[in-house]
Every structure is written in C-alpha cells, then in structure tokens.
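Enquirer: Protein chains in written order, with numbering that gives the first Met the number 0: chain A, 0 to 331; chain B, 0 to 331; chain C, 0 to 331.
One structure follows; several queries about it will come next.
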Amino acid sequence: MIYSLKEIAELIEGSIEGNPSKLIHGIGALDSASPKQISYAANEKYKDSLKISNAGAVIINKNLKKFCKVDAILVDNVYLAYSILTHKFKFNQNIENLKYSHLLNYSDSNISGSSLIGINVKIGKNTIICANCVIEDNVTIGTNSLIEPNVTIQNGCQIGNNCVISPGAVIGSEGFGNAKNNDNKWSSIAHLGNVIIGNNVSIGANTTVDRGTITDTEIHNGVKIDNLIHIAHNVIIGEDTAIAAKTGIAGTTIIGKRCMIGGGVGIVGHLKITDDVVINATTTVNRNITKPGVYTGFVPLMLHSEWKKVGIWLTKLDKIASFMKIKLKDLR
Amino acid sequence: MIYSLKEIAELIEGSIEGNPSKLIHGIGALDSASPKQISYAANEKYKDSLKISNAGAVIINKNLKKFCKVDAILVDNVYLAYSILTHKFKFNQNIENLKYSHLLNYSDSNISGSSLIGINVKIGKNTIICANCVIEDNVTIGTNSLIEPNVTIQNGCQIGNNCVISPGAVIGSEGFGNAKNNDNKWSSIAHLGNVIIGNNVSIGANTTVDRGTITDTEIHNGVKIDNLIHIAHNVIIGEDTAIAAKTGIAGTTIIGKRCMIGGGVGIVGHLKITDDVVINATTTVNRNITKPGVYTGFVPLMLHSEWKKVGIWLTKLDKIASFMKIKLKDLR
Amino acid sequence: MIYSLKEIAELIEGSIEGNPSKLIHGIGALDSASPKQISYAANEKYKDSLKISNAGAVIINKNLKKFCKVDAILVDNVYLAYSILTHKFKFNQNIENLKYSHLLNYSDSNISGSSLIGINVKIGKNTIICANCVIEDNVTIGTNSLIEPNVTIQNGCQIGNNCVISPGAVIGSEGFGNAKNNDNKWSSIAHLGNVIIGNNVSIGANTTVDRGTITDTEIHNGVKIDNLIHIAHNVIIGEDTAIAAKTGIAGTTIIGKRCMIGGGVGIVGHLKITDDVVINATTTVNRNITKPGVYTGFVPLMLHSEWKKVGIWLTKLDKIASFMKIKLKDLR
Chain A
0 MIYSLKEIAE
10 LIEGSIEGNP
20 SKLIHGIGAL
30 DSASPKQISY
40 AANEKYKDSL
50 KISNAGAVII
60 NKNLKKFCKV
70 DAILVDNVYL
80 AYSILTHKFK
90 FNQNIENLKY
100 SHLLNYSDSN
110 ISGSSLIGIN
120 VKIGKNTIIC
130 ANCVIEDNVT
140 IGTNSLIEPN
150 VTIQNGCQIG
160 NNCVISPGAV
170 IGSEGFGNAK
180 NNDNKWSSIA
190 HLGNVIIGNN
200 VSIGANTTVD
210 RGTITDTEIH
220 NGVKIDNLIH
230 IAHNVIIGED
240 TAIAAKTGIA
250 GTTIIGKRCM
260 IGGGVGIVGH
270 LKITDDVVIN
280 ATTTVNRNIT
290 KPGVYTGFVP
300 LMLHSEWKKV
310 GIWLTKLDKI
320 ASFMKIKLKD
330 LR
Chain B
0 MIYSLKEIAE
10 LIEGSIEGNP
20 SKLIHGIGAL
30 DSASPKQISY
40 AANEKYKDSL
50 KISNAGAVII
60 NKNLKKFCKV
70 DAILVDNVYL
80 AYSILTHKFK
90 FNQNIENLKY
100 SHLLNYSDSN
110 ISGSSLIGIN
120 VKIGKNTIIC
130 ANCVIEDNVT
140 IGTNSLIEPN
150 VTIQNGCQIG
160 NNCVISPGAV
170 IGSEGFGNAK
180 NNDNKWSSIA
190 HLGNVIIGNN
200 VSIGANTTVD
210 RGTITDTEIH
220 NGVKIDNLIH
230 IAHNVIIGED
240 TAIAAKTGIA
250 GTTIIGKRCM
260 IGGGVGIVGH
270 LKITDDVVIN
280 ATTTVNRNIT
290 KPGVYTGFVP
300 LMLHSEWKKV
310 GIWLTKLDKI
320 ASFMKIKLKD
330 LR
Chain C
0 MIYSLKEIAE
10 LIEGSIEGNP
20 SKLIHGIGAL
30 DSASPKQISY
40 AANEKYKDSL
50 KISNAGAVII
60 NKNLKKFCKV
70 DAILVDNVYL
80 AYSILTHKFK
90 FNQNIENLKY
100 SHLLNYSDSN
110 ISGSSLIGIN
120 VKIGKNTIIC
130 ANCVIEDNVT
140 IGTNSLIEPN
150 VTIQNGCQIG
160 NNCVISPGAV
170 IGSEGFGNAK
180 NNDNKWSSIA
190 HLGNVIIGNN
200 VSIGANTTVD
210 RGTITDTEIH
220 NGVKIDNLIH
230 IAHNVIIGED
240 TAIAAKTGIA
250 GTTIIGKRCM
260 IGGGVGIVGH
270 LKITDDVVIN
280 ATTTVNRNIT
290 KPGVYTGFVP
300 LMLHSEWKKV
310 GIWLTKLDKI
320 ASFMKIKLKD
330 LR
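Here it is in structure tokens:
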C-alpha cells in the first residue's frame with residue numbers, strides 16, 4: 000500500500016505544501032516516522048516534535064505550518080483526517096482476506112483439528128493450539144506455549160515462549176479510538192500496530208488486549224494477567240508485573256516492572272506507573288505514580304443506612320472546610 | 000404459540016375474571032399491549048396504566064381488580080406468575096431448534112466456512128462473517144458490516160449497516176431477571192425482546208448485550224462501544240454516544256445522544272441520562288442526569304497508609320458534622 | 000501420577016526427613032490430606048494444623064520442623080516448592096491430551112455438530128450442547144441443562160441439572176496463583192481442583208469461573224450469575240444467591256445463601272459473607288460481613304467541578320479531624 004501525497008490529499012480533502020508525487024509507504028509517529036512515512040500533529044502541543052520530525056510528510060492545520068520543515072498536507076481537522084487515512088494502511092481491507100477463506104483447518108501434530116490458522120503464521124516447537132481457536136494471518140507464537148480453546152489472535156500479533164493464553168481471550172482487537180467529524184459523528188481510527196507479548200506470560204480467560212494505533216501494545220516477559228482484564232491500545236506492561244481479574248488499563252499507559260495490581264482496578268490513560276508499585280483492589284489510578292509503595296482508593300464498606308447519611312456530607316467536604324474556616328495550609 | 004386464558008390460568012395457578020376461551024398470542028407491556036396480548040401489573044404503582052390498558056388480559060392480584068377494565072387472571076404473586084408464563088412464549092423452546100442441528104456450515108462468498116448460520120438469517124451485501132461465529136435463526140445483518148471471529152449473535156437480533164462486532168462479543172444473551180417463588184427460590188424470566196443495533200455501530204471484544212424482556216434493547220446509529228462492556232436488557236443508547244471499556248449499564252436505563260462514558264463506569268438500572276453528558280472513568284451513576292456536563296465520583300488515589308487513616312473518618316462524616324454542630328443549611 | 004518422596008525432593012530441591020521411598024499420589028490441603036497425599040505449610044500460622052495433619056508428607060521450612068510429626072521435605076521457599084510440584088499432578092500435562100485431538104465432533108441427538116466433546120464426558124438426558132462449544136475430558140453435565148454457543152468447559156468440571164451456561168462463558172479456567180522464585184520471577188501454580196456447579200444454576204455470557212487450587216470452586220443450587228462476572232479459585236457461593244453483571248469475587252471467599260450482589264461489586268479474597276446479605280452496585284467489600292443487611296460503599300455522583308474541590312479535602316480527612324481536635328471517641 001503506497002500512495003502519493005496527491006492521492007492522500009484528495010482522500011482527506013487537504014492542500015499540499017510540497018511535492019505531490021512523493022510516495023508514502025505508511026503512517027509513523029511524529030517522533031519516529033521515517034522519510035517514507037506520513038505523520039500528523041493535531042495541535043501546538045506537538046510543535047517541538049514537529050520542528051525536528053523526519054517524516055516524509057505531516058498532516059497539520061495552517062497554524063502549525065510555521066513549525067514544519069517537511070512536506071505537509073493542510074487540513075482543518077487534523078485528527079479526523081488522520082482517522083480517515085488510517086484505513087488506507089490497514090491490512091486485510093479486502094473481503095478475500097477478511098472472510099478468512101484461506102484459513103487452514105488441518106491436523107498438525109500440535110494443532111486441534113477444529114482451530115483455524117491463517118497464512119504466514121509461525122508456531123514454535125511444542126506449542127499447542129487447542130480447539131476452536133482462530134489464529135489470523137502473520138501471527139507468530141514461540142515454543143512451549145499453550146493456546147487454550149476459543150481464543151482469537153488477530154493479524155500480526157506476536158506471542159513468545161512458554162506462554163499460556165486462556166480460553167476466550169482476544170489478542171489484537173482494534174483499539175478504541177474515534178475522531179469527531181464536522182457533523183459530530185465518530186470516524187473510527189484503524190489501528191495499525193500489533194500486540195507483542197514476551198516469554199513466560201499468562202493471559203486469563205476472556206481477557207482482551209487491543210493492538211496499538213501506530214506503534215505496538217507490549218506485554219513484557221514474565222507478566223501474569225488474570226481473567227476479564229482489558230488492556231487498551233499502546234499500553235506497555237513491564238516485566239514480572241501481575242494483574243488480578245477485572246482490571247482495566249486505558250490507552251498509552253505505561254506500567255513498570257514487578258508491580259502487583261489488584262482486581263477491579265481502573266487505570267486511566269496516558270499515565271506512567273513506576274516499578275514495584277502495589278495497587279489494591281478496585282482502586283482508581285488517575286495520576287502518575289512515581290514512587291514505589293502501596294496505593295489504595297475506595298470507599299470503605301458501610302451499612303446502606305450509614306452510607307446514605309455519610310454520602311450527603313461527602314459531597315460537601317469543601318463547603319464544610321469553608322464553613323469551619325479550615326485552609327489547606329493549616330493541615331499537616 | 001397461542002394459548003387460551005384457561006390454559007394460561009392453569010399454568011400460573013390463577014383464577015379468571017373474564018372469557019376463558021379468549022386467545023392470547025403473546026406478552027406485551029401494560030402501556031403498549033394489543034388486545035391479542037397479555038400483560039401484568041405487579042403492584043399499585045401501575046394502577047393508572049392498568050386503567051387504560053388495551054391488553055387482551057392482565058395478570059394482577061386481587062387488590063388491583065378494581066382498576067382493571069379488561070379480562071384478568073388473579074394470582075397471589077404476579078411477578079412469579081409472569082416469570083412462569085414468559086417461557087411459554089419463548090422461541091426455540093424445543094430441542095430440535097436449540098441444538099442448532101439446522102445451522103448451516105457453508106461457504107458463501109463472504110462467510111467463513113467455519114461459521115454457523117441459522118435459518119431465516121438475512122445478511123446484506125459486502126457484510127463479512129469471520130471464522131467460528133454462531134449466527135442464530137432470524138438474525139438480520141445489514142450491508143458492509145464485519146462480524147469478527149468467535150462472535151455469537153442470538154435469535155432474532157438485528158444489526159445495521161457498516162457495523163463492526165469484535166471477537167468474542169455476544170449479542171442477544173438472556174437478560175438477568177428472576178422472580179422469587181414461595182420457597183424463596185428464583186424463577187427465571189424468559190426474555191422475549193431482541194437487540195436492535197443501528198448503523199455505523201461498533202461493539203468491542205467480549206462485550207455482551209442482553210436482549211429485552213418484552214420490548215427490545217436498542218443501540219442507535221453511530222454508537223461506539225469498547226471491550227468487556229455489559230449492556231443489560233432494555234437499555235437504550237442514543238446516537239453517537241461512545242462508551243469506554245469495562246463499563247456496565249443496568250436494565251432499562253436510557254442514555255442520551257453524544258454522551259461520552261469513561262471506562263469502568265457503573266450505571267444502575269431504570270435511570271435516564273440526558274444528551275451530551277460526559278462521565279469520567281470508574282464513576283458510579285446512581286441517579287438521573289438531567290443536565291449536560293461532566294460528572295465524576297471516585298476516591299482519589301492515596302498511599303495505602305494514608306487511606307487507612309482517611310477511611311476511618313470517611314465513614315463517620317455525618318457524626319463529625321453532628322459533633323461540630325454543622326447543619327446542611329449552613330453550607331453553601 | 001505417583002511419585003516417591005525422593006523424586007519429589009529432587010524436583011523441589013529439598014532434603015527429606017523420613018522415608019524416601021514413600022509413594023505420594025497427590026496433593027492435599029493440610030487439614031484434609033490423606034496419608035497418600037503430600038501437603039505444605041508455608042509459615043508458622045499453620046503450625047496447629049501441621050501438628051495434627053494426617054498427610055503422608057509435608058513441605059516445610061526448617062523452622063516448622065519441630066511442629067511436624069509426619070515425613071517432611073525441607074526447603075527454603077515452601078510456596079515456590081509447592082508451585083513447582085503442582086505441575087506434576089496436573090491432568091493433561093502431555094501434548095496428546097492438550098491438543099484435544101481425541102475430541103469428538105459428532106451429532107448426538109442433542110449435541111450440535113460443531114461442538115467438540117472430550118473423553119469420559121457424561122451428558123444427561125435432554126441436555127443440549129449448542130454450537131462451537133468445547134467440553135473437555137471428564138466433564139459431567141446433568142439433565143435438562145443448556146450449554147449455549149462458544150462455551151468452554153474445562154477438564155473435570157461438574158454441572159448439575161436444569162442449568163444454563165450462556166454464550167462465551169468459561170468454566171474451569173486456571174486459578175490465578177503464582178509464587179515468587181529467588182530471582183523475583185513468578186512460578187505458576189497448577190490448579191488441581193475443579194468447578195462444581197449445582198442444579199438450577201445460570202451462568203451469564205462471557206463470565207469466567209476458575210477451578211480450585213487443591214479443593215474445588217463451588218456454586219450451589221439455585222445460584223443466578225449474570226454476565227462478565229469473575230469467580231476466582233475456591234470461591235463458594237451459597238444456595239439461591241444472585242449476582243449481577245461485572246462483579247468480581249476473589250479467591251477463597253465464601254458467600255452465603257440468598258445474598259443479592261449488585262453489578263460491578265468487588266469482593267476481595269479470603270472473606271466470609273453471611274446469608275441474606277444485599278450488596279449494592281459497585282461497592283467494594285473489604286471485610287467479612289457477619290450480619291444480614293444492606294451494604295454500600297461508593298462516592299455519590301458529582302459534577303466534575305465539584306468533585307475536584309471535594310477530592311482535595313477527602314484525602315485529608317484525618318488531618319481535618321486532627322486540626323479540629325476531634326477524637327474518634329467523641330463521635331457517636
């Protein structure tokens with residue numbers, strides 16, 4: 000899939016500043032895009048990256064033009080334009096591939112006869128694919144791994160050695176990203192990254208791991224992930240971290256090494272959690288954690304009759320402080 | 000499935016006030032039931048609807064008899080009687096249908112050879128059914144939609160054009176409703192409604208959408224739903240609303256248009272959320288939201304050592320107010 | 000699978016106190032292990048159980064030797080040694096079984112032609128196995144039960160009469176247990192228990208129920224479990240309890256009879272919840288509940304602008320109390 004700047008500009012309804020016949024082979028992040036890739040900068044926050052980007056071209060609005068030293072396509076709504084362009088670089092965007100008519104239903108020594116394996120799939124020695132799995136094209140699985148029944152591993156994902164993927168897990172589902180168009184409707188972003196899973200990783204039953212937008216979602220060696228967990232696009236989980244059931248980690252958050260994350264935890268997007276952090280069950284993590292330690296945040300259990308009385312005052316804590324003339328600086 | 004009032008009264012152990020040979024073709028809601036349908040009113044809260052109901056008959060207890068102008072079946076436990084009756088009007092209540100022996104394993108141009116398609120299924124042009132899906136009887140899917148691997152779409156559900164149903168998602172599972180019988184045991188309610196999904200909708204991996212009890216669960220055009228989300232029976236989600244992963248929406252709640260609901264949010268049942276509401280991640284929504292705006296409710300992250308000290312006082316906020324002689328009216 | 004103490008000691012790098020040729024047939028809990036089983040005591044907390052254990056042998060560290068009256072294997076890291084040993088007693092630890100090449104794809108009167116059934120599976124009269132299920136070896140299912148599409152039931156699990164297992168559910172997945180080794184890496188524990196489900200139980204779509212470590216996970220008669228719920232290893236759920244969607248129950252917690260647990264609740268491990276307890280949606284249960292009643296714990300919904308002001312003071316409640324010179328004993 001190679002397009003000229005002219006073709007791309009027509010697709011996203013932009014105007015070219017530069018060479019219309021320059022050929023673009025893919026989409027890259029602003030910081031790492033090669034001269035054969037196109038990138039985008041959605042607002043002034045990215046102006047410093049834009050100034051030094053090596054991308055072959057960038058999609059920007061006219062306000063950012065002065066920071067741009069490479070070819071550009073000018074549009075009004077950069078993120079919308081980017082969302083439209085992603086679909087042109089997505090694998091499998093034709094019916095023949097998507098219907099998996101080429102998936103093989105065969106009996107390899109270690110593959111259950113009812114699992115379907117795509118083309119260009121590599122499966123290492125002693126790895127077992129159990130019943131009713133779907134392993135899409137271009138997937139790589141290392142040695143001694145166990146893929147349990149009813150698992151879906153989508154196009155291009157990589158799984159290391161000695162891994163266990165439990166029943167019903169989905170590896171490589173589309174990330175959740177959508178741009179708003181001018182009619183206030185969502186325009187979906189095709190996710191072009193993969194999921195890269197290291198060695199000695201276990202993924203629990205019915206857990207979902209989304210693929211990255213441009214770069215990959217990464218789960219490093221020795222990570223243990225329980226059931227019904229959601230790992231969003233571009234999350235990176237450091238070595239030997241363990242995560243209990245029903246936790247969700249939003250997009251682009253980076254978790255350190257040897258963390259222990261309890262069940263039902265919610266971690267919002269774009270955070271950094273350092274190494275050796277323990278987060279207790281059902282806690283919401285809404286800020287970076289820069290120091291190792293044990294963290295918690297939930298309302299202790301009460302009789303409902305008590306909770307109703309407490310709740311009224313809880314929502315007025317700032318007004319109580321004001322009424323009592325307490326100032327934050329008074330507290331220590 | 001047509002039953003006389005006499006047959007129904009025998010099934011639910013009630014006494015008929017009216018014509019025993021009247022024929023009933025289905026169950027309807029009290030407000031919308033036709034003269035060919037039976038409905039029910041569980042308590043006095045429904046007396047006004049009962050007075051003007053056009054149902055062919057209603058199941059009530061004797062206290063409601065005075066409000067009823069149509070044929071009635073009198074029982075002691077109305078909800079229990081209703082739960083028993085639902086199973087008589089459920090599709091597929093015979094082994095031949097339930098075992099899906101009639102599901103077709105065929106190679107249509109756009110259907111993976113390993114997916115099973117029921118009878119009376121309509122699949123639109125350019126729609127793709129990926130590997131290992133189960134599409135039960137009477138399902139309708141529009142054009143240009145993508146049903147990814149290992150998806151289950153149950154009897155009678157409808158999916159529009161340009162939709163994506165991600166791997167492992169379940170559309171049309173039974174709602175969670177049970178009546179207590181006289182021995183304090185649960186009597187399940189068969190859910191007779193469907194799931195109706197509009198155009199340009201995406202449903203995430205391993206997300207579940209339950210069918211409605213009598214009327215349908217509805218997901219309107221342009222809605223984007225992430226992974227591992229639970230949509231309960233009779234929820235209605237308005238156009239262009241986006242919902243992030245691991246959120247749950249309980250039964251009969253209605254969500255407006257263009258809402259943005261964060262990850263891990265819990266919305267309790269029977270609520271109304273207006274248009275253009277933003278709810279931050281992990282918030283519990285326990286009341287109607289009538290004004291657009293941004294809403295939040297969770298405990299900020301603390302060191303566990305701090306949380307333990309804070310928690311003690313948190314559960315005593317009303318007592319602190321009382322001790323300090325603060326009154327709610329003092330606060331502004 | 001029978002091993003001598005000598006073989007086991009070599010595997011876990013321990014030294015034998017007792018008869019090296021004693022034969023061990025399995026792993027048992029310290030309190031209930033038979034003379035043919037080996038058990039373990041990880042620390043002094045278990046010294047009383049150790050003193051009266053009937054196990055054939057125990058794995059302990061040298062500090063516990065004085066409390067032990069049976070044969071012992073001494074190691075430095077007892078839990079790590081136990082984790083390694085579990086894998087020797089796990090069923091199916093050979094490729095031939097794991098790849099399910101022996102699973103049958105046949106058309107019994109009540110089994111969908113596309114479901115795979117292992118060896119030594121017992122399926123009762125009128126029970127229906129829907130499409131694309133995987134029923135592994137040694138599973139028992141009673142009469143009149145319905146196993147919906149895409150369900151996975153793993154080795155040795157038992158399901159009673161009149162049960163419904165909804166689409167995508169996983170019964171008998173591995174529990175989440177890992178020991179740390181001396182390099183700070185996780186060593187997984189193979190779970191040797193099963194899942195035992197009684198009669199009249201329903202399990203929701205994409206719900207996961209993990210098998211027990213040594214003894215079983217138990218779901219008693221009449222329990223109703225909604226979608227996307229996680230039931231961890233060795234949880235016991237009492238008769239006629241109902242649990243709404245997206246709740247998680249951590250390992251070894253025991254729930255009483257006739258409880259009603261709302262959606263999105265998190266219950267931490269090793270707790271006891273008595274009979275007739277109601278827990279409202281999204282509450283965290285972090286302590287035993289010994290009295291029936293209604294319990295709650297979450298932050299009431301606020302406008303985000305209000306929540307930001309409230310949150311600052313919420314995390315300083317202990318300091319506010321200190322500043323105001325309030326003592327806990329003053330509050331009533």
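Note that the Cβ used here is the ideal one computed from N, Cα and C, for glycine as well.
As the structure is a computational prediction, the values presented were derived from the model and not from experiment.
#1: Could you have a look at B/ASP70 and say whether DSSP puts it in helix, strand or coil?
#2: Cβ closer than 7 angstroms: which chain C residues qualify as neighbours of A/ASP329?
#3: Name the two residues that bound the continuous alpha helix (DSSP H) containing C/ALA320.
#4: Decide if B/MET301 is buried, meaning its Cβ has at least 16 other Cβ atoms within 10 Å, or exposed.
#5: Return no unless some Cβ of chain A is closer than 8 angstroms to the Cβ of B/ALA54.
#6: Can you find a CB in chain A that lies within less than 8 angstroms of the CB of C/ILE311?
#7: Compute the distance between the beta-carbons of B/HIS190 and B/GLY211, then report whether it is under 8 angstroms.
#8: Given that a residue counts as buried once 16 or more other Cβ atoms are within 10 Å of its Cβ, and exposed if not, what is B/LEU79?
#9: Provide the residue(s) that pair with B/HIS229 in DSSP beta bridges, ordered along the chain.
#10: Would you kindly report the start and end of the unbroken alpha helix (DSSP H) that includes C/ILE11?
#11: Keeping to the same chain, check which residues put their C-beta closer than 6 angstroms to that of C/GLY167; ignore five residues upstream and five downstream.
#12: Roughly how far, in whole angstroms, is the beta-carbon of A/ILE236 from the beta-carbon of A/ILE254, given that I think they are within contact range, below 8 angstroms?
#13: Tell me the rounded alpha-carbon separation between C/SER106 and B/LEU145.
#14: Could you name the residues of chain B that C/ASP239 contacts, counting a contact when the two beta carbons are closer than 8 angstroms?
#15: Which of helix, strand or coil does DSSP assign to A/ALA56?
#16: So, are the CB atoms of A/ILE58 and A/ILE83 less than 8 angstroms apart?
#17: Taking the continuous beta strand (DSSP E) assigned at A/SER172, which residues delimit it?
#18: So what does DSSP say about A/GLY123, is it helix, strand or coil?
#19: Around the Cβ of C/HIS269, are there at least 16 other Cβ atoms within 10 angstroms (buried) or fewer (exposed)?
#20: According to the Cβ coordinates, are C/ILE196 and C/ILE242 closer than 8 angstroms?
#21: Return helix, strand or coil for B/GLU135, following the three-state DSSP convention.
#22: A/GLN92 CB to nearest chain B CB: under 8 angstroms?
#23: Are A/GLN153 and A/ILE164 close, meaning C-beta to C-beta below 8 angstroms?
#24: With 16 other CB atoms within 10 Å as the buried threshold, where does C/VAL293 fall?
#25: For A/SER20, is the classification buried or exposed, using 16 other Cβ atoms within 10 angstroms of its Cβ as the cut-off for buried?
#26: Which residue from A/SER14, A/GLU238, A/THR207, A/ALA54 puts its Cα closest to that of A/ILE26?
#27: Can you give me the C-alpha to C-alpha distance between A/ILE278 and B/HIS303, rounded to a whole angstrom?
#28: Applying a beta-carbon distance threshold of less than 7 angstroms, which residues of chain A neighbour C/VAL169?
#29: By DSSP's criteria, B/ILE81 is part of a beta bridge. Which residues make up the other side?
#30: What does DSSP give as the partner residues of B/GLY292 in its beta bridges?
#31: With contact counted as at least three CB pairs below 8 angstroms, one residue from each stretch, are the stretch 108 to 123 of chain B and the stretch 58 to 68 of chain B in contact?
#32: Check whether the stretch 111 to 120 of chain A touches the stretch 132 to 141 of chain A, counting contact only when three or more Cβ pairs, one atom from each stretch, lie closer than 8 angstroms.
#33: Among B/ALA41, B/PHE88, B/ASN177, whose alpha-carbon lies nearest the alpha-carbon of C/LYS223?
#34: Since A/LEU10 and A/LYS87 are thought to touch, with beta carbons under 8 angstroms apart, how far apart are those beta carbons, to the nearest angstrom?
#35: Counting only C-beta atoms, is C/MET259 closer than 8 angstroms to chain B at any point?
#36: May I ask you to list, following chain order, the residues of the stretch 284 to 301 of chain B that have a beta carbon less than 7 angstroms from some beta carbon of chain C?
Expert: A quick look at the data gives this:
#1: strand
#2: PHE322
#3: 316 to 322
#4: buried
#5: no
#6: yes
#7: yes
#8: buried
#9: B/THR207, B/GLY247
#10: 4 to 11
#11: ASN149, ALA204, ASN205
#12: 5 angstroms
#13: Confidence at C/SER106 is low in this model, with a pLDDT of 49, below 50, so the placement of that residue should be treated as unreliable; the coordinate-derived value is given next. C/SER106 and B/LEU145: Cα-Cα distance of roughly 30 angstroms.
#14: ASN183, LYS184, TRP185
#15: strand
#16: no
#17: 169 to 172
#18: coil
#19: exposed
#20: no
#21: coil
#22: Residue placement at A/GLN92 cannot be trusted, given a pLDDT of 49 that sits under 50; the coordinates are not used to answer.
#23: no
#24: exposed
#25: exposed
#26: A/ALA54
#27: 9 angstroms
#28: PRO166, GLY167, ALA204, ASN205
#29: It should be noted that the sequence gives Tyr, not Ile, for residue 81 of chain B. Beta-bridge pairing links B/TYR81 to no other residue.
#30: B/VAL276
#31: no
#32: yes
#33: B/ASN177
#34: 7 angstroms
#35: no
#36: VAL284, ASN285, ARG286, GLY292, VAL293, TYR294, THR295, GLY296, PHE297, VAL298, PRO299, MET301
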